[in-house]
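Data block below; observations after.
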Amino acid sequence: MARTDETHLDDLRDEYRDVEGAKPARLRRELASEMKPLEFARYCWRQLTSMRTALFLLMLLAVAAVPGSTFPQENNDPAGVAQWRLDHPTAYPWVERLQGFHVYSSVWFSAVYLLLFISLIGCVTPRVGVHWRSLRSRPPRTPARLGRLPEHRAATLAAAPEEVLDAARAVLARRRFRVERRPGSVAAEKGHHRETGNLLFHVSLVGLLVAIASSSLFSYSGQRLVTTGGTMVGTTLDSFSGGTWTTVDDVPPFTLALDSMDVSFEAQQTSQIGEPRTFAADVTLTDEPGARARRETISVNHPAKVGHTQISLSGNGYAPVIVVRDGEGDVVQDGPTPFLPQTSNYDSTGVVKVPDAVDADGRPVQLGIQGVFLPTASSNADGAPVSSFPGAVNPVLVAKVWTGDLGLDDGVAQNVYTLDTTRMTEVTDASGQAVALTLKPGDVVTLPNGLGTVEFRGVERFASFDVRSTPGQSAALVFALLAATGLVLSLFLPRRRVWVKAVPAGGGAAVEVAGLARGNDAGLAEEVEAVLRRLRETLGEPADDPAEDPTGDPRRPGGSPADPLVGDHEQPAHVPEESP
Numbered sequence: 001m002a003r004t005d006e007t008h009l010d011d012l013r014d015e016y017r018d019v020e021g022a023k024p025a026r027l028r029r030e031l032a033s034e035m036k037p038l039e040f041a042r043y044c045w046r047q048l049t050s051m052r053t054a055l056f057l058l059m060l061l062a063v064a065a066v067p068g069s070t071f072p073q074e075n076n077d078p079a080g081v082a083q084w085r086l087d088h089p090t091a092y093p094w095v096e097r098l099q100g101f102h103v104y105s106s107v108w109f110s111a112v113y114l115l116l117f118i119s120l121i122g123c124v125t126p127r128v129g130v131h132w133r134s135l136r137s138r139p140p141r142t143p144a145r146l147g148r149l150p151e152h153r154a155a156t157l158a159a160a161p162e163e164v165l166d167a168a169r170a171v172l173a174r175r176r177f178r179v180e181r182r183p184g185s186v187a188a189e190k191g192h193h194r195e196t197g198n199l200l201f202h203v204s205l206v207g208l209l210v211a212i213a214s215s216s217l218f219s220y221s222g223q224r225l226v227t228t229g230g231t232m233v234g235t236t237l238d239s240f241s242g243g244t245w246t247t248v249d250d251v252p253p254f255t256l257a258l259d260s261m262d263v264s265f266e267a268q269q270t271s272q273i274g275e276p277r278t279f280a281a282d283v284t285l286t287d288e289p290g291a292r293a294r295r296e297t298i299s300v301n302h303p304a305k306v307g308h309t310q311i312s313l314s315g316n317g318y319a320p321v322i323v324v325r326d327g328e329g330d331v332v333q334d335g336p337t338p339f340l341p342q343t344s345n346y347d348s349t350g351v352v353k354v355p356d357a358v359d360a361d362g363r364p365v366q367l368g369i370q371g372v373f374l375p376t377a378s379s380n381a382d383g384a385p386v387s388s389f390p391g392a393v394n395p396v397l398v399a400k401v402w403t404g405d406l407g408l409d410d411g412v413a414q415n416v417y418t419l420d421t422t423r424m425t426e427v428t429d430a431s432g433q434a435v436a437l438t439l440k441p442g443d444v445v446t447l448p449n450g451l452g453t454v455e456f457r458g459v460e461r462f463a464s465f466d467v468r469s470t471p472g473q474s475a476a477l478v479f480a481l482l483a484a485t486g487l488v489l490s491l492f493l494p495r496r497r498v499w500v501k502a503v504p505a506g507g508g509a510a511v512e513v514a515g516l517a518r519g520n521d522a523g524l525a526e527e528v529e530a531v532l533r534r535l536r537e538t539l540g541e542p543a544d545d546p547a548e549d550p551t552g553d554p555r556r557p558g559g560s561p562a563d564p565l566v567g568d569h570e571q572p573a574h575v576p577e578e579s580p
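Taking the working numbering, I'd label the letters of the sequence shown as residues 1 to 580.
So this is what it looks like as structure tokens:
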């Protein structure tokens, strides 16, 4: 009979494969034409909420994110988008139509994201109800023939059957089983939290998607460089990149004044000479106009906070104080100019742009000074000036001077740290040699051709602050940890069922212990043997001796002979149960 059922099942499988093969061509058209609108909607919902669809959408989301790393994004790199437009004038309109410069807020990316979100919710929600009912259900009834189960042990004990079952209940409870005592047997089950872990993983994945989406929509970051004694306002940043639904107006209107910088480097003659030791900015912070100011010290990994906005110290450097007088002796530039560090010894480059100067004859002229600041000036093996230490021990400013059109009147934004010399001429002396300025603090150099003077008055410091708000960051971390926990539970927590049956036998009890696992479980045999061993210890019985067990099977120590219909490593498809 069992063989006939297996043959019938194989025929059904072959028929199903034939139908599946015809489904793309004929069967789908017939099903679509016969389905009513409500049935068709249910069919689409089942397809969308299947795990296969969820995995496909997850892969599709990863593929859809590739253009975001290929093309510069408008909200993060507007200058890069402008440059890409100049470099690719033909392809730019097509990429713009396809929202290639706004990938993460595009219609197609959002559609994939939302479909994945809905699919995961549709997958998880029904399973939560099923799992809740499973947690509240009773352990399964005891099978009629325990010997057919994949793991089975039998023994004869001197204790009465009721005493054996009471002890078995206690042993299984100590081994974290959910136990139920029944007439003549004890049923136990554990491992339901394997499915709990699986559901926790999927629910956390949904939460992670929500956290990432909220961060993409509402987060922002900006940078501002402030020299010592300078002030910045939260809504006036040097650069800003925001989420889809944020602008610079969403930054709190705080005020930050940089009072001083505390920077030190390792000065001992060791292998770590020049390594940074202290980076800290002493600031005066006002959360909003009219609020009370407070003193803060912002250092590495110790930001200041204004509401949910975090203000971090992201960099520092030197700002030489350069004074430029034109040909008539008027001061046209006076103040610290930030020079950006290029090496670990703070060899720094910077630019001074003077658009409104005049020469000695009163003619308007534009000056550009391109320089390198060396905190501790020395020479390398080739005789070129370099800095040998990041601290300002021997500060020197080396610069060249250019005249011509700075390009400031073109209406195009410029980088304040670079000088475009395509429409400028380098200043030369009477012999035609390019003028190279080498200045120490307090030095003043007169420029040729009546262009004025350049004075290196001293050195200040600057700090670069990062203003950032990521509302979904903490939630994303929490959900990521929960997802990892759920994955560990679902992978390593076994789902097991154990039954203990005891019947009278010669003044004692004939005991059977059997186990069944969902899926492959290498520890099931050890579990069954441990239950029987603990049961003997609890009852004060001697250790198991296979020679004393008349039903012992050499292939199964302490167990009954294997059922001829069920192999040693084969799990039965159905276990018959006792009638209630």
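All C-beta atoms, glycine included, are put in the ideal place defined by N, C-alpha and C.
Predicted model, so just to flag it, every value in this text is computed and none were measured.
Original post:
Considering A188, what are the terminal residues of the beta strand (DSSP E) in which it resides?
Top reply: 185-190
Subject >> Separation of V393 from G274, as counted between CA atoms >> reply: 12 Å
**OP:** Please name the residue in S215, E527, A187, F56 whose C-alpha comes closest to that of A476.
**Re:** S215
Original post:
If you drop the 5 nearest sequence neighbours on each side, which residues of the same chain put their C-beta closer than 6 Å to that of G450?
Top reply: G327, D359, A360
**OP:** Please list the segments of the beta strand (DSSP E) lying wholly inside the segment 153-210, counting only runs of 3 or more residues, in order along the chain.
**Re:** 178-182, 185-190
Original post:
Just curious, the alpha helix (DSSP H) that P67 is in, first and last residue?
Top reply: 66-70
Original post:
Does DSSP put E275 in a helix, a strand or coil?
Top reply: coil
Original post:
Between the Cα of H131 and the Cα atoms of T446, L200, G523, which residue gives the shortest distance?
Top reply: L200
Subject >> Coarse secondary structure for H102, derived from DSSP in three states >> reply: coil
**OP:** Work out the CA separation of S464 and D249 for me, nearest whole Å.
**Re:** 21 Å
Subject >> Chain-order list of residues whose beta-carbon lies under 7 Å from that of E426 (same chain, five-residue window excluded) >> reply: K400, W402, A434
**OP:** Give me whichever residues DSSP pairs with M424 in a beta bridge.
**Re:** G404
**OP:** Can you grab the Cα-Cα spacing for the pair R194 / G486, in whole Å?
**Re:** 8 Å
**OP:** Would you identify the three-state DSSP class for T255, choosing helix, strand or coil?
**Re:** strand
Subject >> Proximal residues to D282 (C-beta, below 6 Å), its chain only, five neighbours per side dropped >> reply: D259, S260, T297
Subject >> Backbone CA spacing between Q99 and C44 [nearest angstrom] >> reply: 28 Å
Subject >> Beta carbon of L208 nearer than 8 Å to that of A480 >> reply: yes
**OP:** Enumerate in chain order the residues of its own chain whose CB-to-CB distance from G515 is below 7 Å, with the five nearest sequence positions on each side excluded.
**Re:** L149, E151, R496, R497, V498, L524, E527, V528
Subject >> Segment contact flag, the segment 166-186 with the segment 530-540, C-beta cutoff 8 Å, min 3 pairs >> reply: yes
**OP:** Measure from the alpha carbon of P448 to the alpha carbon of each residue in G432, L493, V459, then state which is nearest.
**Re:** G432
Original post:
Residues bridged to V454 by DSSP?
Top reply: V324, V445
Original post:
What first and last residue would you give for the beta strand (DSSP E) that runs through G508?
Top reply: 508-517
**OP:** Just confirm the distance between the C-beta atoms of L437 and V398, as a whole number of angstroms; I'd bet it's less than 8 Å.
**Re:** 7 Å
Original post:
Helix or strand or just coil, what does DSSP make of D330?
Top reply: coil
Original post:
Say the cut is 7 Å; is the CB of V263 nearer than that to a heavy atom of the ligand ZN?
Top reply: With respect to the ligand ZN, the structure shown offers nothing to examine, as it has no ligands at all.
**OP:** List the residues that DSSP assigns as beta-bridge partners of E541.
**Re:** Bridge partners of E541: none, in fact.
Original post:
Is DSSP giving Y43 helix, strand or coil here?
Top reply: helix
Subject >> Simplified DSSP assignment, three categories, for V386 >> reply: strand
Original post:
What whole-angstrom Cβ distance do E189 and F177 have, given they're in contact under 8 Å?
Top reply: 6 Å
Original post:
Among L313, P390, A173, S221, which one has its Cα closest to the Cα of H302?
Top reply: L313
Subject >> Pairwise C-alpha distance: G222 and D466 >> reply: 6 Å
Subject >> W499, enclosing beta strand (DSSP E) - first and last residue >> reply: 496-505
Original post:
Going along the chain, which residues of its own chain have a beta-carbon closer than 6 Å to the beta-carbon of L419, five neighbours each way excluded?
Top reply: V351, G368, Q370
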